[in-house]
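Residue numbers (our numbering), protein chains in the order written: chain A, 4 to 219; chain B, 4 to 219; chain C, 4 to 219; chain D, 4 to 219.
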């Protein structure tokens, strides 16, 4: 027995067909024929409120997008295990030769929140099978960011979200063929943080480590 | 020294701010305040031409989206390694309690293409560090799909893309807490395949294993 | 001294520039170079809730749109006075050679409402300079539609809105060069009525005089 | 016998239903219930390439829009004739009490073009029934703008389009109840000119009579 497609998905798809796809039909056909040549690899969170193609009003073909919990990049570790995010990075950098990699975090990140509460002893995310282990990617940077011992949870949360972005950028540079392209000036790395509540986008200045809002 | 945000990203973000965010500002603020409660987990490809929020015209908050190369789900394997996709599934199913999981594949999939050419001896994706190993998730099903020995590459490619979707659905059911929710009628699994060239969306009928185009 | 552009207009224009215009820049440039060749003349109301390009998701260049109070067409009357709507019809039919003319009315029409209340003696729109006289274009048909003497205002209102659409179609046929094109099969007339509250679009069947909702 | 709705209109309407209307359903329902309260009256051209709701990314309910050939406003002339544009102005100013009136002209205006060629003797628009007479509204200003005797047609065309906007603003001020509201500071008039080819929007500075591009 087969399941019905959820009505909202069917409705949304029909809307896409009648509006945007109708308008960009030729563009889609060309992209299918010629293959994709995205300029940017976007590493974003699975969060339902932060769709990169929406926030950056992207056209089809413009950005290749890997999404995982808390937009994390694990360190380079070529072994016999499955490395989904690393495979995406390899595909984007070595095959598609993107010129930009953006790590795009956001406020109210559920993964960071669970990790933060675990630090404080409020919850034990070790109960689960995968999230706790996955979040440890961010640990080296986020532990240092927890400066106020839970006195101001929002400040802690934001500090950890931003520290995790810096950690992911550092981990990206452990991929030798990626670092080589950056050193050659063929690739640029960027850190962004999006505030769901008011739509502000903050850009990381890697020299200072600070994030500053992009002017409208 | 810090990098400039690519102009297209800054321009796209400003467009979003002035149009969609302006119009949905209250909705974003509510989502930030109340937290996300998505109904659907979408497992999609990193491909730049197939953004789920575009193809399903999704609103912010509607679907949590994990994206990896070839929209694969590895089998349940709780160990000390990093499992990004499994962490997203755990977060969506156990914490957010989504009611639908959709595996959404597509035509012209680069991951499947590399895997298919590797089968035929045309390329050796084992040269890379991660993609080859990652694509082996699909191997049990896709090997069987390679029926015509490269005589009709497009037919092989489509058959492998669809077999990989069936494999990912099978792997999803190896997660015990996920299978339990499906058995209890609290969760439904779906397989979809999107044709970039003409915008057709095909829905998997799990009883027959066939994909049929959704009517407009 | 000069006035500032209202902030919403400046913001909305910037949004258009960064999103839709960016995406359709080439289409606009071609339309500027080649001139417009719309297929349809849309005769619609000035109402702020019923923008034809929105309701029909029209592309630039697709429909030429005349908008006046209550989407009325006066009878053919070539004399020394200014006839704005008739000039638009002449331009669309004789110069641009549109193949369709659509009279698109809607629920909650302010012009029809004033006219209906005037009939009932509730208000005297004759106090104004232009609206009362303008609405008399609809009088031959709308007087007959007022069947229930105000017992059911919404029924009266809808009946008058639809009668006015039929009147405008009749008046369109008093333009000799328009009637000649219709007789030759080069032009088709249509009547539509849009319900603002629930988004239903009703299509006039001229044989029966009835309006029926368009299926989704 | 009844005519089929043109397929593009049916398709476009279905797209609207599934996307924007779905998203703004509550807003439409509220607007139907509460009535419209637009802040702005937009006086625009019938041209298929210049839809005000598109160029200003307007929401439903935001602007009441009258559209005629060449976005002209005739002088105040309350008599027994039908005055469609004047009726719209009366409705917007006296009943809806808009706070802004915008006359929005554009490049490549067909009405101005016909009028200009008529001036030069290239065509005789007096052949028609209504357009020639309607365009005479602009004559006082546009005759003066024709300074270079056809040596540079594009310069002439632009000068006449802009002169016509200034003429319409002058004519608006012949409506006594409109001028009274402007004098009381309750209403502001604006002149805009949109360049279809490159999407530039120019704003009239009434003090100098010049148009300057709005910054992005």
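The beta carbon of each residue, even a glycine, is placed where N, CA and C say it ideally should be.
Residue burial classification, residue i (beta-carbon count within 10 angstroms, cutoff 16)
i, result
"residue 54(C)", "buried"
"residue 2(A)", "Residue numbering for chain A in the displayed model covers 4 to 219; residue 2(A) lies beyond these limits and cannot be assessed."
"residue 101(C)", "buried"
"residue 40(B)", "exposed"
"residue 4(D)", "Here the model assigns residue 4(D) a pLDDT of 40, short of 50, so the residue's position is not dependable, and the following value carries that caveat. By the 10 Å Cβ count, residue 4(D) comes out exposed."
"residue 219(C)", "exposed"
"residue 154(A)", "exposed"
"residue 171(B)", "buried"
"residue 213(A)", "exposed"
"residue 23(D)", "buried"
"residue 210(D)", "exposed"
"residue 34(A)", "buried"
"residue 146(A)", "exposed"
"residue 233(A)", "Residue 233(A) is absent from the structure shown; chain A starts at 4 and stops at 219."
"residue 186(D)", "exposed"
"residue 65(C)", "buried"
"residue 93(D)", "buried"
"residue 37(B)", "exposed"
"residue 188(D)", "exposed"
"residue 10(A)", "exposed"
"residue 90(B)", "buried"
"residue 201(D)", "exposed"
"residue 82(B)", "exposed"
"residue 7(C)", "exposed"
"residue 110(B)", "buried"
"residue 20(C)", "buried"
"residue 95(C)", "buried"
Residues that residue i bridges to, as DSSP identifies them
i, result
"residue 208(C)", "213(C)"
"residue 193(D)", "105(D)"
Proximity test, Cβ basis, 9 Å: residue i and chain E
i, result
"residue 201(C)", "The structure shown has no chain E; the protein chains it does contain are A, B, C and D."
- Item | Complete beta strand (DSSP E) runs within the segment 24-82 of chain D (minimum length 3 residues, chain order) | Entirely contained in the segment 24-82 of chain D, the beta strand (DSSP E) runs reaching 3 residues are, in chain order, 43-48 and 66-71.
- With 8 Å as the limit, tell me which residues of the segment 62-74 of chain D have their beta carbon closer than that to any beta carbon of chain B; keep them in chain order. Within the segment 62-74 of chain D, the qualifying residues are 62.
- Query: Within the chosen definition, does the segment 66-77 of chain D reach the segment 161-181 of chain D through at least 3 CB pairs nearer than 8 Å?
  - Reply: The segment 66-77 of chain D, when compared against the segment 161-181 of chain D, does touch it at the 8 Å Cβ threshold.
- Query: Should the segment 156-164 of chain D be regarded as contacting the segment 128-140 of chain D, the criterion being three or more beta carbon pairs within less than 8 Å?
  - Reply: No, the segment 156-164 of chain D is not in contact with the segment 128-140 of chain D.
- Message: Would the segment 103-121 of chain B count as touching the segment 44-51 of chain B if we require 3 or more Cβ pairs under 8 Å?
- Response: In short, these stretches touch, since the Cβ pair count reaches three.
- Item | the segment 117-124 of chain D / the segment 197-209 of chain D touching (three or more Cβ pairs under 8 Å) | The segment 117-124 of chain D, when compared against the segment 197-209 of chain D, does not touch it at the 8 Å Cβ threshold.
- Item | Cβ-based contacts, 7 Å cut-off: residues of the segment 26-57 of chain D near chain A | If the cut-off is 7 Å between Cβ atoms, the segment 26-57 of chain D has nothing near chain A.
- Task: Report yes or no: do three or more beta-carbon pairs, one from the segment 13-30 of chain A and one from the segment 29-43 of chain B, lie closer than 8 Å?
- Result: Output reads no: the segment 29-43 of chain B does not touch the segment 13-30 of chain A.
- If you measure beta-carbon to beta-carbon, which residues of the segment 162-189 of chain D are closer than 7 Å to chain C? Residues of the segment 162-189 of chain D with a Cβ closer than 7 Å to any Cβ of chain C: none.
- Unbroken alpha helix (DSSP H) runs of length 4 or more, entirely within the segment 113-139 of chain C: which are they? Fully enclosed alpha helix (DSSP H) runs of 4 or longer: 113-122 and 134-138.
- Task: Name, going along the chain, the residues of the segment 84-108 of chain C whose beta-carbon falls closer than 9 Å to a beta-carbon of chain D.
- Result: Among the residues of the segment 84-108 of chain C, those with a Cβ less than 9 Å away from any Cβ of chain D are 84, 85, 86, 87, 88, 89, 90, 91, 92, 93, 94, 95, 97, 98, 99, 102, 103 and 105, in the order of the chain.
- Task: Using a Cβ-Cβ cut-off of less than 9 Å, list which residues of the segment 138-149 of chain C approach chain D; keep chain order.
- Result: So the list reads 138, 139 and 140, given in the order they occur along the chain.
- Message: Any C-beta of chain D within less than 9 Å: which residues of the segment 110-134 of chain A qualify?
- Response: Answer set for the segment 110-134 of chain A: empty.
- Message: Three or more C-beta pairs under 8 Å: does that hold for the segment 186-201 of chain C against the segment 161-170 of chain C?
- Response: With the rule of 3 Cβ pairs closer than 8 Å, the segment 186-201 of chain C counts as touching the segment 161-170 of chain C.
- Message: Beta carbons nearer than 9 Å to chain B: which residues of the segment 8-21 of chain A have them?
- Response: If the cut-off is 9 Å between Cβ atoms, the segment 8-21 of chain A has 8, 9, 11, 12, 13, 14, 15, 16, 17, 18, 19, 20 and 21 near chain B.
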